[in-house]
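**Student:** Here's a structure for you.
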Amino acid sequence: MSNSLAQLFAKCKSENRAALIGYLPAGFPTQRSAKKIVKEMI
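Per this note's numbering, numbering through the sequence shown is continuous, rising by one, with the last residue being 28.
Laid out in structure tokens, this is it:
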């Protein structure tokens, strides 16, 4: 991991905020499994 990325993650951690945003195309791979995946991401 690059030093600047490590610094960014450390800053986010110290501010108690998220550093990553999950991305899932709607309904992929199926609508049912997408709902389960989104719930797990939250």
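Glycine residues also receive a C-beta, built at the ideal position from the N, C-alpha and C atoms.
By Cβ distance, which residues of its chain are closer than 7 Å to Ala12, with the 5 residues on each side in sequence left out?
**Tutor:** Position 26 of the sequence shown, counting from 1, holds the residue named residue 12. Answer for Ala12: Ala20, listed in chain order.
**Student:** In chain order, what residues of the same chain have a beta carbon less than 8 Å from the beta carbon of Ala5, not counting five sequence neighbours either side?
**Tutor:** For this step, residue 5 is matched to residue 19 along the sequence shown. Here the set comprises Leu(-6), Phe(-5), Cys(-2), Lys(-1).
**Student:** What is the DSSP secondary structure of Ala56, reduced to helix, strand or coil?
**Tutor:** Summary: the structure shown does not reach residue 56, with the chain confined to residues -13 through 28, and so no result is reported for it.
**Student:** Short of 6 Å in beta carbon distance, which residues of its chain neighbour Lys25, apart from the five on each side in sequence? Order them along the chain.
**Tutor:** For the purposes of this step, residue 25 is identified with residue 39 of the sequence shown, where counting begins at 1. Once the five neighbours on either side are set aside, Lys25 has no close Cβ partner at all.
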